[in-house]
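Below is one structure; the comments refer to it alone.
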Amino acid sequence: MEHLLLGLVLFAGTLAAGNPLQDLGPIKEKVLDMALTSFDDQYQGCMCMMEEELGELNHTEFAKKSIYAKFWTLAAAEWRTKEDHVPKPPALRTEHAVALMAYSLEIHENNEQLYKEFDAAVREAGSSLREYLDNFQFKALHFLLTQAVKILHKPRTCFNVFRGVGGIRFSAWHHDLVRFGQFASSSLNKKKAMDKFGNDTFFFVKTCYGVPIWNFSFFPKEEEVLIPPYERFEVTGITQDGTSTHIHLQSKGILSIYNCEWVKGDIPRDGPSIPLHQHHRDGGMGGDSIWGWGHGDSPAAAPVPS
2 MEHLLLGLVL
12 FAGTLAAGNP
22 LQDLGPIKEK
32 VLDMALTSFD
42 DQYQGCMCMM
52 EEELGELNHT
62 EFAKKSIYAK
72 FWTLAAAEWR
82 TKEDHVPKPP
92 ALRTEHAVAL
102 MAYSLEIHEN
112 NEQLYKEFDA
122 AVREAGSSLR
132 EYLDNFQFKA
142 LHFLLTQAVK
152 ILHKPRTCFN
162 VFRGVGGIRF
172 SAWHHDLVRF
182 GQFASSSLNK
192 KKAMDKFGND
202 TFFFVKTCYG
212 VPIWNFSFFP
222 KEEEVLIPPY
232 ERFEVTGITQ
242 DGTSTHIHLQ
252 SKGILSIYNC
262 EWVKGDIPRD
272 GPSIPLHQHH
282 RDGGMGGDSI
292 WGWGHGDSPA
302 AAPVPS
């Protein structure tokens, strides 16, 4: 896997030339809901199959997304300076740490932020299976971040965190079930969450599937906790503080619509050839758990820890 990472870094370094992202503009009004167009795959039962395709998939996406190539290169270089001093679980490999660092990186001179482009793509990639297969150019990063969050997650451990959002004023209703539908950055520090991201909407969140990532961040002092797209919340309170909407959320387990979509055999013609294995070597659930959009099975759901 170390050879794989080195190859990814060298390949990315030849492609690093990103374009600045544009400002969000005026405040938008948006309903907070279950984010049903989100791509929320948890890769249950197919982690090893995805890992077999990771190198080729990442190379392809570096070529298509120069901002991804650029941020991966910078993150890999930064991680090399930190890896010997950072405590991490044995299952968390170098590529997981680099993915987390790339996600946290911002280049202020050019207003470049990989996480904004990535999160926007995740929110829409689940609008259809074809949208994910043909148009979602962050399949490798989504997989690595999902893996990293699962590895760092400690059962029955919850955090009270804060998430500020600038440029969007969300509306919600008491007792509704909602999801962020993306990897959502939050902080244990209320002021830091407000100062960095704004407070047109400000969330008070009890997350039981979000994980601390400050050891794998360019900004460890922000005390960041990363919430996955598939965590479900109940709206427990809504208040108005001047022009800021405050929304209180309580974790209510997890819910995914998609699972193992890339390795099911419905692959674009120009994609890699991937065998559909009949068994799973990662200790996950067997073939019956590999289901997807329109298959008629129940979504992958789990209750909140007690």
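Residue numbering for the sequence shown follows our numbering, beginning at 2 and increasing consecutively. Virtual Cβ for every residue (Gly too), placed ideally from N, Cα, C.
Note on R94: 16 or more other CB atoms within 10 angstroms of its CB, so buried under the neighbour-count rule. Note that the region 217-226 does not touch the region 171-182; fewer than 3 beta-carbon pairs, one per stretch, sit closer than 8 Å.
It is roughly 10 Å from the alpha-carbon of A78 to the alpha-carbon of M102. When DSSP reads this structure, T208 sits in a beta bridge with F160.
The straight-line gap separating the alpha-carbon atoms of E235 and H60 is approximately 39 Å.
Around the CB of H97, 16 or more other CB atoms lie within 10 Å, so the residue is classed as buried.
In the DSSP assignment, A185 falls within the unbroken beta strand (DSSP E) covering A185 to S188. S39 places its beta carbon less than 7 Å from that of G182. Under DSSP, P88 forms no beta bridge with any residue. Taken through DSSP and simplified to helix, strand or coil, S129 comes out as coil.
DSSP places E52 in the helix class (H, G or I) of the three-state scheme.
Fewer than three Cβ pairs drawn from the region 132-141 and the region 188-196 lie within less than 8 Å of each other, which leaves the two stretches out of contact. Cβ neighbours of G199 within its own chain (closer than 6 Å, five residues either side excluded): G165 and G167.
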